[in-house]
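Just so you know, we're using our numbering here: the sequence shown kicks off at 265 and counts up by one.
What follows is a set of notes on a single structure, which appears directly below.
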Amino acid sequence: MERDGGVELTRSPETLTEDDVCVIQDTWRPVYENRENAGVAVLIRFFSNFPSAKQYFDQFRDMQDPEEMKQSIQLKKHALRIMTALNTLVENLRDGDKLNTIFQQMGKSHALKHKVDPAYFKILAGVILEVLGEAFPQCFSPASVQNAWSKLLGVLYWQMNKVYAEVGWESIKNSAK
Numbered sequence: 265m266e267r268d269g270g271v272e273l274t275r276s277p278e279t280l281t282e283d284d285v286c287v288i289q290d291t292w293r294p295v296y297e298n299r300e301n302a303g304v305a306v307l308i309r310f311f312s313n314f315p316s317a318k319q320y321f322d323q324f325r326d327m328q329d330p331e332e333m334k335q336s337i338q339l340k341k342h343a344l345r346i347m348t349a350l351n352t353l354v355e356n357l358r359d360g361d362k363l364n365t366i367f368q369q370m371g372k373s374h375a376l377k378h379k380v381d382p383a384y385f386k387i388l389a390g391v392i393l394e395v396l397g398e399a400f401p402q403c404f405s406p407a408s409v410q411n412a413w414s415k416l417l418g419v420l421y422w423q424m425n426k427v428y429a430e431v432g433w434e435s436i437k438n439s440a441k
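This is how it looks when you write it as structure tokens:
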């Protein structure tokens with residue numbers, strides 16, 4: 265594992281195959297049809313299991329009760345932003361230029377504007393896989409599906425770390441202290 269600018273850069277992630285792309289796009293449809301519920305479930309699990317992540321969210325930083333989180337308009341809005349971003353990734357899996365643009369925008373926004381530690385992308389990826397597997401067992405149970413989604417979320421995490429290194433995350437992080 266290399267460290268570049270204080271950001272973890274592992275070797276390049278596994279490349280998605282055409283079969284992976286098809287599996288991801290097919291299994292995504294029912295999730296996106298239920299994007300608000302799925303996104304809210306992901307964020308509630310994320311914040312319940314990793315409460316330190318709430319430090320980046322003034323609007324629901326102090327919420328402890330999952331039911332209160334579930335009713336929060338702000339949490340629902342952010343859940344929809346996450347699900348919409350994932351949808352954009354899924355829709356553009358065959359368009360490398362578009363994906364690069366998405367990764368750049370997402371990475372720069374989270375590093376420069378929100379100053380979110382990139383480790384949370386990896387944590388959130390795990391939570392997404394866990395929640396979608398539970399909420400959509402008919403789609404996410406086969407090992408091939410889990411493997412394809414793990415690859416995609418691994419690519420996302422790797423790309424975020426790459427952007428964070430490019431923008432000088434270590435100096436940004438230190439200046440925020």
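Cβ atoms here follow ideal geometry from the backbone N, Cα and C, with glycine treated the same way.
Indicate whether residue i and residue j have their beta-carbon atoms separated by less than 8 Å.
i       : j       : result
Ile-288 : Leu-416 : yes
Val-295 : Ala-343 : no
Tyr-384 : Ala-429 : no
Phe-324 : Met-333 : yes
Val-419 : Gln-368 : no
Leu-388 : Ile-436 : no
Lys-362 : Glu-300 : no
Val-409 : Leu-357 : no
Val-380 : Val-306 : no
Of all the options the options, which has the alpha carbon lying nearest to the alpha carbon of residue i?
i       : options                               : result
Pro-277 : Lys-437, Glu-430, Tyr-421 and Glu-434 : Tyr-421
Ile-366 : Arg-293, Gly-397 and Gln-423          : Gln-423
His-374 : Glu-300, Met-327, Val-395 and Val-431 : Val-431
Phe-310 : Trp-433, Ser-408, Leu-393 and Gln-410 : Leu-393
Gly-390 : Trp-292, Trp-413, Thr-281 and His-378 : Trp-413
Lys-372 : Asn-313, Trp-433, Leu-353 and Asp-283 : Trp-433
Asn-351 : Thr-281, Arg-293 and His-378          : Arg-293
Glu-398 : Ser-312, Ala-302, Glu-297 and Met-327 : Ala-302
With residue i as the anchor, note down where its alpha helix (DSSP H) starts and where it stops.
i       : result
Asn-301 : 299–313
Phe-469 : Since the first residue shown for the chain is 265 and the last is 441, residue 469 is missing from the structure and cannot be characterised.
Ala-338 : Checking the sequence, you will find Gln at residue 338 rather than Ala. Residues 337–355.
Met-370 : 360–372
>> With three or more beta-carbon pairs closer than 8 Å as the criterion, would you say the segment 394–414 touches the segment 344–362?
In response: no
>> Could you tell me which whole alpha helix (DSSP H) segments of length 4 or greater appear in the segment 374–416?
In response: 383–399 and 401–404
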